[in-house]
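Read the structure below first, then the notes.
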Amino acid sequence: MFSPYYAMARRRGAADPLNHSGLNVALYGAPRRWAMTERGRDSVRRSATTLQLGPSALDWDGEVLTIRIEEVTAPIPSRLRGVVRIRPAGINPRRFLLDAAGRHRWQPIAAVGRAEVAFEKPGLSWSGAAYFDTNDGDAPLERDFVEWDWCRAPLREGAAILYNAERRDGTKQSLALRVDAAAQVREMAVPSPALLPRTRWGIRRPTGVDAGHQPRVVQVLEDAPFYARSVIETQLCGERATAVHESLMLDRFAALPIQMMLPFKIPRRWV
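Structure follows, in structure tokens:
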């Protein structure tokens, strides 16, 4: 959805989303790596259980999602090769509409699970908590939204998820979900609003927190002109938690200077 080539194609009329496909991989820490190569329709193979994107592929066997990564990093090319296995605690079938017209949908498929990560290049491995969701829509995000923010906090049993959107029509939506240990979700009261400091690019980082508490930024993972991803310490559902927080500003994303910068991080293979 952040493809500058897809945005360009849409300006000319109807565009084929399968012609703008890719696997995004981001490693934080040491070493730090990023890959997001866009490929055309001829590089995509898919079935009910498999999605292949060029040399990389995702396979679901009913219990484990296996992600085989064979990518080249950007902007400095290097090999990124490894396998990630996601073991969901359960599958949540519920989808949430993000706009009044129903053009945008979000589903936290497996909000609780385990990840097993093993890379050859670079050589590293670990295991830990996993999260898996999906967004889909019938219109560009920037057409219907001004900005959104999202937060997921693992708890002793399950997790809490916050999803807030400011729509282009001036209305807002705030979702607050409590996820149990089997990954099933239920709505809960929206926590008190809180503001984290803006990023170096001036991106707002609103979130929610239990009343009487103030979250704080622990680490900035991505600090881009239109998008920020951070690790924060917060309190939700009566528990202290280390959470992942994201913010997106769609007017920034749609601006021509940003669109001209994106190909440095998102190269495209035309064949």
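Numbering (the working numbering), first residue to last: 1 to 271. Idealized CB from N, CA, C, for every residue including glycine.
Short check: CB of A183 to CB of G90, under 7 Å?
For this step, residue 183 is matched to residue 183 along the sequence shown. For this step, residue 90 is matched to residue 90 along the sequence shown. Yes; because the gap between Cβ atoms is below 7 Å, this pair is in contact.
Is the beta carbon of E142 less than 7 Å from the beta carbon of F226?
Start at 1 with the first residue of the sequence shown, and residue 142 comes out as number 142. Start at 1 with the first residue of the sequence shown, and residue 226 comes out as number 226. Cβ atoms of E142 and F226: not closer than 7 Å.
Kindly identify the DSSP beta-bridge partner or partners of A291.
Here the chain has residues from 1 to 271 only, and residue 291 is not among them.
Between the Cα of N92 and those of E147, A100 and P108, spot the shortest distance and give me the residue it belongs to.
Counting from 1 along the sequence shown, the entry for residue 92 is found at position 92. Selected option, being the one with the closest Cα: P108.
Once the 5 residues before and after R114 are set aside, which same chain residues still bring their CB inside 6 Å of it?
As a working mapping, residue 114 is identified with position 114 in the sequence shown. Excluding residues up to 5 positions away in sequence, R87 and A130 lie with their Cβ nearer than 6 Å to the Cβ of R114 in the same chain.
Start and end residues, alpha helix (DSSP H) containing P88
Taking the sequence shown and counting its residues from 1, the one referred to as residue 88 is at position 88. Taken as a continuous stretch (DSSP letters only), P88 belongs to no alpha helix (DSSP H), being part of the beta strand (DSSP E) at R79 to P88.
Provide the residue span of the beta strand (DSSP E) that contains A14, from first to last.
What you label residue 14 is simply residue 14 of the sequence shown in a count that begins at 1. No beta strand (DSSP E) contains A14, which DSSP labels as neither H nor E.
Using only alpha-carbon positions, find the residue among H20, G212 and M36 that is nearest to A26.
Your numbering for residue 26 matches position 26 in the sequence shown. Measuring from the Cα of A26, the nearest candidate turns out to be M36.
Starting from the Cα of P122, find the closest Cα among E157, P75 and R33 and give me that residue.
Residue mapping note: residue 122 aligns to position 122 of the sequence shown, counting from 1. Looking at the Cα atoms, R33 is the closest of the given residues.
Would you decide whether N135 is buried or exposed? Buried here means 16 or more other CB atoms lie within 10 Å of its CB.
Here residue 135 refers to the residue found at position 135 of the sequence shown. Burial is judged here by how many other beta carbons sit within 10 angstroms of a residue's own beta carbon; N135 has fewer than 16 and is exposed.
Relative to the C-alpha of A189, which residue among P197, G202, R198 and Q173 is closest?
Within the sequence shown, the letter at position 189 stands for residue 189. Nearest to A189 by alpha-carbon distance, out of P197, G202, R198 and Q173, is Q173.
With C-beta atoms as the reference, is D180 less than 7 Å away from N164?
Position 180 of the sequence shown holds residue 180. Position 164 of the sequence shown holds residue 164. The Cβ-Cβ distance between D180 and N164 does not fall below 7 Å.
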